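Asker:
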Amino acid sequence: MTTSSDPAEITVPELKYESNGLIPAIVQDDASNEILMLGYMNEQSLRMTLEKRLVTFWSRSRQEYWTKGETSGNVLELVGIRKDCDVDALLVRAVPHGPTCHTGERSCFYRDLGDD
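Take the sequence shown: its position 106, counted from the start at 1, is 414 in the numbering used here, and no numbers get skipped.
1. When burial is assigned at 16 or more other CB atoms within 10 Å of the CB, is Leu421 buried or exposed?
2. What number of angstroms, rounded off, separates the C-alpha of Lys324 from the C-alpha of Glu351?
3. Between the stretch 377-386 and the stretch 350-364, are three or more C-beta pairs nearer than 8 Å?
4. Count the CB pairs spanning the stretch 390-400 and the stretch 409-424 that are closer than 8 Å, and state whether there are at least three.
5. Got a sec, what are the start and stop residues for the beta strand (DSSP E) Gln336 sits in?
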């Protein structure tokens with residue numbers, strides 16, 4: 309991947325996006341390896357992430373781009389991105405600046421399956 313000041317000029321590798329144009333993006337804390345959250349990216353949000361170095365997703369519910377933490381200040385600073393063996397999912401390594409979950413928890417994965 310190359311970097312540029314214009315997101316449209318950033319070269320991204322060939323990825324297998326879902327039929328809706330999205331690809332799952334798992335966010336992992338670069339220091340602790342803890343899984344923090346799952347979001348979805350399209351090609352443009354991936355370009356925006358690479359350009360701004362802040363993790364940016366496509367919101368499926370709001371149908372708009374959102375940079376994680378843009379309102380709370382709890383941003384995810386990009387370290388690097390890996391693709392899986394089938395090139396249909398991304399692992400985003402980031403430095404979290406504050407809690408990742410909107411509930412205030414460090415990770416969105418803080419509850420066991422049987423918890424209410």
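Glycine included, every Cβ here is placed at the ideal spot set by N, Cα and C.
As the structure is a prediction and not an experimental result, all values here were calculated from the model.
Answerer: Working from what's here:
1. Residue numbering aside, residue 421 sits at position 113 when the sequence shown is read from its first letter. Burial call: exposed.
2. Numbered from its first residue, the sequence shown carries residue 324 at position 16. Numbered from its first residue, the sequence shown carries residue 351 at position 43. Their Cα atoms are separated by approximately 11 Å.
3. Counting Cβ pairs under 8 Å, three or more are found: they touch.
4. No, the stretch 390-400 does not touch the stretch 409-424.
5. By one-based count along the sequence shown, residue 336 stands at place 28. 331-337 is the span of the beta strand (DSSP E), which, as asked, contains Gln336.
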